[in-house]
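Numbering (our numbering), first residue to last: 60 to 293. Backbone N, C-alpha and C fix where the C-beta goes; we use that ideal spot for every residue, glycine too. Beneath this line is the structure, given in structure tokens, with notes to follow.
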Amino acid sequence: LIDNVPPVVEMTPPLVLGGATALIDGIAHDPEPFGGEIQSVVLQVNEDGPTLTVSGPFPVNPVGNRMWHILQNLPAVEGEEFQVRAWAIDAAGNVGEPTDWQTVIVDSLPPRTIIAAPENGDLVGPGLTLVWGIAQDGWGIDEVQVSVNGGVWQTAAIGDDARALVNAAGRQPGVPENAVLWALMVSLPVQPGPVVIQARSTDWAGNVESPAQKVRAGSAASRIWLPMTPMNTN
60 LIDNVPPVVE MTPPLVLGGA TALIDGIAHD PEPFGGEIQS VVLQVNEDGP TLTVSGPFPV
120 NPVGNRMWHI LQNLPAVEGE EFQVRAWAID AAGNVGEPTD WQTVIVDSLP PRTIIAAPEN
180 GDLVGPGLTL VWGIAQDGWG IDEVQVSVNG GVWQTAAIGD DARALVNAAG RQPGVPENAV
240 LWALMVSLPV QPGPVVIQAR STDWAGNVES PAQKVRAGSA ASRIWLPMTP MNTN
């Protein structure tokens, strides 16, 4: 039996690849013989870039297609576009046509958060207190969260909504390029003791900052007020 029919490969990569590694997968099939073995699948990154090869055997799905995947370390970039395509080689050595080029955006670096206020050592609270700062990422910030004394993470306002909170507190901070302003009114404990405030950001690719940024303040409730008593001048 002579097999001179090349295999066919399909893939639909995610539009955005984040984190340290990314999974790209798809299916491949050999029209003749139907359901024949796929020797390997080749993934190419950019026209003048490297090729990555994953070899079979590959598992078969219910309709007879071979399922393949490639787990690849991502470069240290933020919001950079790459072109990818793939082709398959069957057991007879026939090389299939490559897929069309598909664009993916790679962002493997986490965002960075700065807590501008309160600062380390400040006396804060008790009650509602404004916590604010900036978050930076080379592509974009999706969310900033704040936690007080290890409590639940609360979502902060960003952009114009954050600006309104900060301006209402009488502050007019400048914001660097590739950064957003964030702010949140948090409820601080009324009991004396340290107050640990943490903030972390998530970027558009889903990268979460770790560890979170931290400041250690003191509760204003820990100040001791002595009652005023009239002096006896007699």
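* Who pairs with A216 in a beta bridge, going by DSSP? -> A242
* Out of I129, R275 and P121, point me to the one whose CA is closest to T110's CA. => I129
* Output yes or no for whether 7 Å exceeds the beta carbon distance between I148 and S99. => yes
* Asked: On the premise that R259 lies in contact with E268, defined as a C-beta separation below 8 Å, what is that separation, rounded to the nearest angstrom?
  -> 4 Å
* Of all the options A223, L168, A271 and P185, which has the alpha carbon lying nearest to the alpha carbon of V254? -> P185
* How many angstroms separate the CA atom of E156 from the CA atom of R125? -> 16 Å
* D211 and L243 closer than 7 Å at C-beta -> The question names Asp, but residue 211 in the sequence shown is Val. No; because the gap between Cβ atoms is not below 7 Å, this pair is not in contact.
* **Q257 classed as buried or exposed, judged by whether at least 16 other C-beta atoms fall within 10 angstroms** => buried
* If you count every other CB in all the chains shown that lies within 10 Å of the CB of W127, and 16 or more means buried, which is it? -> buried
* To do: Would you check if the distance between the CB atom of Q161 and the CB atom of P72 is smaller than 7 Å?
  => yes
* Look at the Cβ atom of V225, then the Cβ atom of T188, and state whether they are nearer than 7 Å. => no
* Asked: Under 7 Å, do A135 and L182 count as touching if we go by C-beta distance?
  -> no
* Have a look at V122, A151, W198 and D84 and flag the residue whose alpha-carbon is nearest the alpha-carbon of Q131. => D84
* Own chain partners of G78 with C-beta closer than 8 Å, once the 5 adjacent residues on each side are dropped -> L133, S167, A264, G265 and N266
* Which value, in whole angstroms, describes the spacing of the CA atoms of I43 and V122? -> Residue 43 lies beyond the stretch modelled for the chain, which goes from 60 to 293, so this question has no answer here.
* To do: Following the continuous beta strand (DSSP E) through P253, name the residue where it begins and the one where it ends.
  => P253 to D262
* Asked: Beta carbon of L224: closer than 6 Å to some heavy atom of the ligand HEM?
  -> What this structure holds is no ligand at all, so the ligand HEM is not there to describe.
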